[in-house]
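Chemist: Structure in structure tokens, see below.
Number of protein chains: 2
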Amino acid sequence: MRARLTERQNQVYEYVRTYVREHRRTPTLKEIGDGLAIRSTNGVHKLVSALVQKGYLRRRPNEARGLALVDVDEDPYAPSEGPPILPLISRTRSDEPDRLRRRPNGALYVDERLLRKPGGAADADDCLLARAGDDGMVGDGIRKGDLLVVEETDWKDLANGETVAVLFGEALVARRYDFANGRLHFRPADRTYAEEVYPPGDPACHVIGRVLAIMRTL
Amino acid sequence: MRARLTERQNQVYEYVRTYVREHRRTPTLKEIGDGLAIRSTNGVHKLVSALVQKGYLRRRPNEARGLALVDVDEDPYAPSEGPPILPLISRTRSDEPDRLRRRPNGALYVDERLLRKPGGAADADDCLLARAGDDGMVGDGIRKGDLLVVEETDWKDLANGETVAVLFGEALVARRYDFANGRLHFRPADRTYAEEVYPPGDPACHVIGRVLAIMRTL
DNA sequence: GCAGAAAGTGAAAATCGTTTCACCCTGCCC
DNA sequence: GGGCAGGGTGAAACGATTTTCACTTTCTGC
């Protein structure tokens, strides 16, 4: 149960909900202020902060119209049902992995039955698609250009021997993961590619997560 | 009828539509640029202007994230159609191919973007899923157990060199197809498997169709 | 070859929108 | 009477986004 709202906070919340229904986007702070006769955007900002704190709204920092209703039911664009839509990412750099999800290059429906990991089902919200950037895993039947279904994971949660998607600088590739002697080892399945070894935290290497499945169009 | 779009304009339009579906808001010019590898926001701005001109997008001048899809806004509650569900078949015999679709062993959502054939998009109603029954195509990155996305096709509609799904008796496998000297040739990509040759109409061999894509869980 | 359309670069200018800073007011509780 | 939470004012700093300017490239039809 979420925390109770004060009267003013509730007015803000209702205003946002109504605005979203009518405009199909969230209002700016100024618009909220205009609607509720608050002259200072800062006044609105504080009220909104309370709403965020109490879990009614979400905020994308520093973004224009960066508010979002937490209850997706209110979201006019929310898809009725069906399989998850995973973002397809590309053109990434290991020194800004945060941008992975923010600059998707497309999106595909992926059946949930493909989102299986050793322990069970993976959360679709943690998954994304990426293209294998080289032929280093042809020996395992993964070829350059294949779509990798990746569950975003910290490298600490990986088990030895799992197939992972990893960023080496700008190259996003699949490799077999092993942790040994305090270092991360990434082994290709093909002899023509070299094994890569990095200490944890090396900015030149960013583990995106475990590969759950692959898809390829012929 | 709205004016035709150039290829690039269409890419922008599709990018915006996809972005909206996934993010529930419209992208910024910069995000479009990132997605389509356009470095200058002005390049995007011009493309978007063309889309606005032709009536595909609307623009709220000088507003952050001020783009809007005309279609969505005109008909906000239009039902969004989901991806097709393809039947997964198994336990088949070449002498009763009609039963292929009758005894599905399950079904998966498959994104339409995976249903592409050389000429264009395949009709989802003609497609099905089947598991590769052997390792005869490992050389092409198809392994036993992989899910094959197959477009049901008569063998006469196949071109030489296409990868096909074919039933040899009870075994459903992928092979490369060639028609030569009045006979159907099915070549494996792996030397340990033998090439199979049949005359048209042989009951021991039934071509299911062309393989459009593969999917594999690790 | 030249004109025009489509697409793009790079950078600057103009706006829009969010965040922060300093300070004020009211009601309430101890 | 002090302290604190909720609500506000105004202004300034910042960052995100759009818009405009000047110039380039590629392709296509006349």
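Residue numbers (this note's numbering), protein chains in the order written: chain A, 1 to 218; chain B, 219 to 436. Don't be surprised by glycine CBs; every beta carbon is placed ideally from N, CA and C.
Per the contact definition of three or more C-beta pairs closer than 8 angstroms, is the segment 106–119 of chain A in contact with the segment 167–174 of chain A?
Modeler: Because the criterion of three Cβ pairs below 8 angstroms is not met, the segment 167–174 of chain A and the segment 106–119 of chain A do not touch.
Chemist: Compare the C-alpha of A3 of chain A against each of A:T28, A:Q53, A:T18, A:Q11 and name the closest.
Modeler: Comparing Cα positions, the closest option is A:Q53.
Chemist: Mind checking if L128 of chain A is an interface residue toward chain B, Cβ cutoff 8 angstroms exclusive?
Modeler: For L128 of chain A, the answer is no, since every Cβ of chain B falls outside 8 angstroms of its Cβ.
Chemist: In angstroms with no decimal places, state the Cα-to-Cα distance between D408 of chain B and R277 of chain B.
Modeler: Answer to the nearest angstrom: the Cα atoms are 56 angstroms apart.
Chemist: Taking a cut of 7 angstroms between CB atoms, which residues from the segment 399–412 of chain B lie near chain A?
Modeler: Listed by position, the residues of the segment 399–412 of chain B near chain A (Cβ gap below 7 angstroms) amount to none.
Chemist: Of all the options A:A194, A:A159, A:T26, which has the alpha carbon lying nearest to the alpha carbon of A68 of chain A?
Modeler: Closest option to A68 of chain A, Cα to Cα, is A:T26.
Chemist: At a Cβ threshold of 8 angstroms, is A64 of chain A touching chain B?
Modeler: So, interface residue.
Chemist: What three-state label does DSSP hand T163 of chain A in the structure shown?
Modeler: The answer is strand: DSSP assigns T163 of chain A an E or B state.
Chemist: Beta-carbon of R213 of chain A versus every beta-carbon of chain B: anything under 8 angstroms?
Modeler: Arg is not the amino acid found at residue 213 of chain A; the sequence shown has Ala there. Yes, A213 of chain A lies at the interface with chain B (some Cβ there is under 8 angstroms from its Cβ).
Chemist: Among A:A64, A:V16, A:K46, A:L129, which has the Cα closest to the Cα of L172 of chain A?
Modeler: Ranking the options by Cα distance to L172 of chain A, first place goes to A:L129.
Chemist: Would you decide whether D202 of chain A is buried or exposed? Buried here means 16 or more other CB atoms lie within 10 Å of its CB.
Modeler: By the neighbour-count rule (16 or more Cβ atoms within 10 Å), D202 of chain A is not buried but exposed.
Chemist: I250 of chain B and Y233 of chain B - do their beta-carbons sit closer together than 8 angstroms?
Modeler: Result yes, Cβ atoms of Y233 of chain B and I250 of chain B sit closer than 8 angstroms.
Chemist: With a CB to CB cut of under 7 angstroms and the five nearest residues on each side skipped, what residues in its chain are close to R226 of chain B?
Modeler: For R226 of chain B, where only same-chain residues beyond five positions count, the Cβ hits under 7 angstroms are L265.
Chemist: Using a C-beta cutoff of 8 angstroms, does I208 of chain A count as contacting chain B?
Modeler: Not an interface residue.
Chemist: Identify the residues that DSSP records as bridge partners of M215 of chain A: which are they?
Modeler: In DSSP, M215 of chain A forms a bridge with A:L147, B:M433.
Chemist: Please list, in chain order, the chain B residues whose beta carbon lies closer than 8 angstroms to that of D111 of chain A.
Modeler: The answer, in chain order, is L326, Y327, V328.
Chemist: Give the interface partners of V234 of chain B over in chain A, defined as CB-CB distance under 9 angstroms, in chain order.
Modeler: Within 9 angstroms Cβ-Cβ: nothing; V234 of chain B doesn't reach chain A, min ~12 angstroms.
Chemist: If you follow the beta strand (DSSP E) that R176 of chain A is in, where does it begin and where does it stop?
Modeler: It spans 171–180 - the beta strand (DSSP E) in which R176 of chain A sits, taken as one unbroken run.
Chemist: Output yes if chain A places a C-beta closer than 8 angstroms to the C-beta of R434 of chain B; else output no.
Modeler: Closer than 8 angstroms: yes.
Chemist: Is there a C-beta anywhere in chain B that falls below 8 angstroms from the one on Y169 of chain A?
Modeler: Tyr is not the amino acid found at residue 169 of chain A; the sequence shown has Gly there. No, its Cβ sits nowhere closer than 8 angstroms to a Cβ of chain B.
Chemist: At what residue ranges does the segment 6–90 of chain A contain a whole run of the beta strand (DSSP E), taking only runs of 3 or more?
Modeler: Segments of the beta strand (DSSP E) lying fully in the segment 6–90 of chain A: 57–59, 67–69, 85–89.
Chemist: Considering only residues of the same chain and omitting the five flanking positions on each side of R216 of chain A, which have a CB-CB separation below 6 angstroms?
Modeler: Correct list, in chain order: D146.
Chemist: Taking P279 of chain B as the reference, give the member of B:L247, B:T236, B:L254 with the closest Cα.
Modeler: Of B:L247, B:T236, B:L254, the residue nearest in Cα terms is B:L247.
Chemist: Can you tell me where the beta strand (DSSP E) holding E196 of chain A begins and where it ends?
Modeler: E196 of chain A -> beta strand (DSSP E) spans 196–198.
Chemist: Return no unless some Cβ of chain A is closer than 8 angstroms to the Cβ of R349 of chain B.
Modeler: No, because no Cβ of chain A sits closer than 8 angstroms to the Cβ of R349 of chain B.
Chemist: From the DSSP output, read off the bridge partner residues of Y109 of chain A.
Modeler: Bridge partners of Y109 of chain A: A:I85.
Chemist: Who pairs with L129 of chain A in a beta bridge, going by DSSP?
Modeler: L129 of chain A is bridged to A:L88, A:V149.
Chemist: Could you say which of B:T410, B:Q229, B:N378 lies nearest to N399 of chain B if we only look at CA atoms?
Modeler: Out of B:T410, B:Q229, B:N378, B:N378 has the C-alpha closest to the C-alpha of N399 of chain B.
Chemist: Should V166 of chain A be flagged as near chain B, meaning a C-beta pair shorter than 8 angstroms?
Modeler: So no, V166 of chain A is outside the interface.
Chemist: If distances are taken between C-alpha atoms only, which option among A:R183, A:T41, A:K156, A:K144 comes closest to R210 of chain A?
Modeler: Nearest C-alpha to R210 of chain A: A:K156.
Chemist: Is the Cβ of N10 of chain A closer than 8 angstroms to any Cβ of chain B?
Modeler: No, no contact with chain B.
Chemist: Kindly give me the distance between the Cβ atoms of L453 of chain B and Y416 of chain B, rounded to whole angstroms, as I take these residues to be in contact under 8 angstroms.
Modeler: No answer is possible for residue 453 of chain B: it lies beyond the span of chain B, which begins at 219 and ends at 436.
Chemist: Please list the terminal residues of the continuous beta strand (DSSP E) segment that includes L402 of chain B.
Modeler: It spans 401–405 - the beta strand (DSSP E) in which L402 of chain B sits, taken as one unbroken run.
Chemist: For the candidate residues A:Y177, A:E195, A:T163, whose alpha-carbon lies nearest to that of A213 of chain A?
Modeler: Ranking the options by Cα distance to A213 of chain A, first place goes to A:T163.
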